[in-house]
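If you're matching positions, the sequence shown starts at 1019 in our numbering and goes up one per residue.
C-beta atoms are modelled at their ideal positions from N, C-alpha and C, and glycine is treated no differently.
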Amino acid sequence: MQKNQPISSEHQSQGGNRILFGESFFKPVIQPKLRVNQPNDIYEQEADTMADRVMRMAIPAHNENGFFKPVDDGIQRKCQHCEDEEKLHRKESLGADVQGANELDNYVGSLGSSGQALPEGSRRFFEPRFGHDFSNVRIHAGAIAAKSAQSINALAYTTGNNIVFNSGQYSPETDSGKKLLAHELTHVVQQEKALPSVQRKIMIGNTVMTVDDQYKKIVKDTFGDKGLEIVLDWHNNGASPEYDFKDWEAYRTEIRIRSNAIKGMDIANDKSINCCHYPTKGHPGGTLNPLYWDKTEDYHFTAKVPFPAGKNSSDAIEDMFRPNAGTELECLTLSVAVEYYALLQALGKDKFNKMFPAGAGLVIANSGADLLKSLVGSDKFEELPTKQKISELIPGDHGYFKNFADYGTKHPNGLWQGENVIYYGDGKFRGFGIGIYDEDTILDRLVFYYNKDLDDKDKKTKADLIKEGGGFTGWVTRPSIKQILK
1019 MQKNQPISSE
1029 HQSQGGNRIL
1039 FGESFFKPVI
1049 QPKLRVNQPN
1059 DIYEQEADTM
1069 ADRVMRMAIP
1079 AHNENGFFKP
1089 VDDGIQRKCQ
1099 HCEDEEKLHR
1109 KESLGADVQG
1119 ANELDNYVGS
1129 LGSSGQALPE
1139 GSRRFFEPRF
1149 GHDFSNVRIH
1159 AGAIAAKSAQ
1169 SINALAYTTG
1179 NNIVFNSGQY
1189 SPETDSGKKL
1199 LAHELTHVVQ
1209 QEKALPSVQR
1219 KIMIGNTVMT
1229 VDDQYKKIVK
1239 DTFGDKGLEI
1249 VLDWHNNGAS
1259 PEYDFKDWEA
1269 YRTEIRIRSN
1279 AIKGMDIAND
1289 KSINCCHYPT
1299 KGHPGGTLNP
1309 LYWDKTEDYH
1319 FTAKVPFPAG
1329 KNSSDAIEDM
1339 FRPNAGTELE
1349 CLTLSVAVEY
1359 YALLQALGKD
1369 KFNKMFPAGA
1379 GLVIANSGAD
1389 LLKSLVGSDK
1399 FEELPTKQKI
1409 SELIPGDHGY
1419 FKNFADYGTK
1429 HPNGLWQGEN
1439 VIYYGDGKFR
1449 GFGIGIYDED
1459 TILDRLVFYY
1469 NKDLDDKDKK
1479 TKADLIKEGG
1489 GFTGWVTRPS
1499 IKQILK
């Protein structure tokens, strides 16, 4: 596993693999020496292999920096015989695991520069065999350290350059203790060598996150494919810029908001749910449930004061997306509704209702100052728009494709002046009333609806659209996590 990664807590049990930490998952990476069945994890396989080799070998004539091979080179040998202690203990319940995870989280967060340096005698033994400098390794073997190891049924575990031992397990003077220490020192080297040193940084507090296969699995298991894609786009294979989050809550909240923006747009377009439509001739300017909303002008709605008895802001948002809701909005106001939906799903009802008490501040509009108040909400939940290239977008970003400037003149009552979209990742977008399309397909649709019912002499091409400044505008709004969680 990699340095400063989230905890990997995938334990082997008779029931198969299971991620135990649920929503509390993202903390610095830990490599536990598990006492449950055979450790099939490739990092554990490599650590076992290295421990065996170190204990068998004599002191090398010289340090070979290439002696340790990162996991990418592949350790193919499967563990044939688990050590006795790995067979004796097994997790009994998910609830106990989560409680242990909380204890572990608290301890790992307090490690800092505590602990003791690796003794000189151990360094003289291990450094020439690994070809690695262990001067920065810190050993934690006290009662609190033991309790944290017990919480995950570990003889020892490694996070960064910290090795934490269970009670009685730190005994470098014995062969068994030396072998366990060799196992954990392998994890120290793994975390320093398995990924390239230059990475795009995802900063959480003062912790630099990197991305490996186990990290990806935890993200995917917790947030699904879209959550994983959000994180991978943040990371961007080591390219700049840096994404800096105050803490784990901010990190998790932004992933949830972004993935739920995509979910909300899917719900709005789902014909089987039938909640949202473009305005009909009988309801120009849109319509929302009058139990919750007052329509002050076309495409301009404010929360009704007071709400019906027992109702709150979360009910007003949920009502727009319920089956057969009768919500009628155009693409911009629908996108605003989706942003509210995403925020509600990410925060939960209690926090959302505190943010918008009794409807205060809830506005859905498509023009003027209230558009900024509703969509951007610089005092609420969206950053001011920034200019971005498509290659720089993150899933869940809200952007806009612009049609020809004279579309409104050619089609006075048309609905294709442009398309408000949510970025879905992998170069794909979705707006209200359209499928999941790439940039070229959206441009084709804009040109098609511009040319519809026009004489041939007035028709234009996609090249004309780009030349005249149409297409993706680059203006993007993103969640303002600092405002949301302040």
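Burial of P1497 is indicated by the presence of at least 16 other C-beta atoms within 10 angstroms of its C-beta.
Going by beta carbons, Y1359 and G1282 fall inside the 7 angstroms limit.
Classified as buried, L1198 has 16 or more neighbouring CB atoms from the shown chains inside 10 Å of its CB.
For T1067, no pairing in a beta bridge is given by DSSP. The three-state secondary structure of R1274, taken from DSSP, is helix. Put simply, the backbone Cα of Y1467 is about 19 angstroms away from that of L1347. Secondary structure at H1150: coil, using DSSP grouped into helix, strand and coil.
About 5 angstroms separates the beta carbons of V1072 and R1147, which is inside the 8 angstroms limit, making them a contact pair.
W1493 sits in a strand when the DSSP states are folded into three classes. The residue from I1285, A1321 and D1462 with its alpha-carbon nearest to that of T1305 is A1321. Going by DSSP, V1356 is part of the alpha helix (DSSP H) stretching over C1349 to L1365.
At the C-beta level, A1065 and T1177 stay beyond 7 angstroms of one another. Going by beta carbons, A1268 and I1499 fall inside the 7 angstroms limit. By the C-beta criterion, the segment 1324–1344 is judged not to be in contact with the segment 1405–1422, since fewer than 3 inter-stretch pairs fall below 8 angstroms.
Within the same chain, G1432 and Q1435 come within 8 angstroms of G1426 by CB-CB distance, once the 5 residues on both sides are set aside. Per DSSP, the unbroken alpha helix (DSSP H) holding D1462 starts and ends at E1457 to N1469.
Short of 7 angstroms from the beta carbon of V1237, and not among the five residues preceding or following it, lie these beta carbons of its own chain, in chain order: G1245, L1246 and V1249. Going by C-alpha positions, S1189 is about 12 angstroms away from P1137. Assignment of beta-bridge partners to T1177 by DSSP yields N1180. Where T1320 is concerned, there is no enclosing alpha helix (DSSP H), although the beta strand (DSSP E) around it starts and stops at H1318 to A1321. Within the DSSP bridge table, the entry for Q1134 names I1157 as partners. Between A1069 and H1158, the C-beta spacing is not below 7 angstroms. Between the alpha carbons of G1379 and K1504 lies a gap of roughly 16 angstroms.
Excluding sequence positions up to five before and after I1460, its CB lies within less than 7 angstroms of the CB of F1419, E1437 and F1447, all in the same chain and listed in chain order.
Ranking K1165, K1289, D1193 and Q1063 by CA distance to the CA of I1452 puts K1289 first. One Cα belongs to G1242, the other to K1407, and the distance between them is close to 25 angstroms.
Just so you know, the alpha carbons of D1239 and K1367 end up roughly 24 angstroms apart.
The Cβ atoms of I1335 and W1266 lie no closer than 7 angstroms to each other.
In the structure shown, G1242 falls within a helical segment according to DSSP collapsed to helix, strand and coil. R1142 is positioned such that its CB atom lies no closer than 7 angstroms to that of F1152.
Taken atom to atom, the span from the alpha-carbon of M1338 to that of D1473 is near 40 angstroms. Per the DSSP secondary-structure output, Y1441 pairs in a beta bridge with F1447. Note on geometry: alpha-carbon atoms of V1182 and E1062 lie some 16 angstroms from one another. By alpha-carbon distance to K1470, the top candidate from Q1501, G1445, K1428 and G1489 is K1428. With a beta-carbon spacing of about 5 angstroms, P1341 and I1291 fall inside the 8 angstroms limit used to define contacts.
Under DSSP, A1383 forms a beta bridge with H1318.
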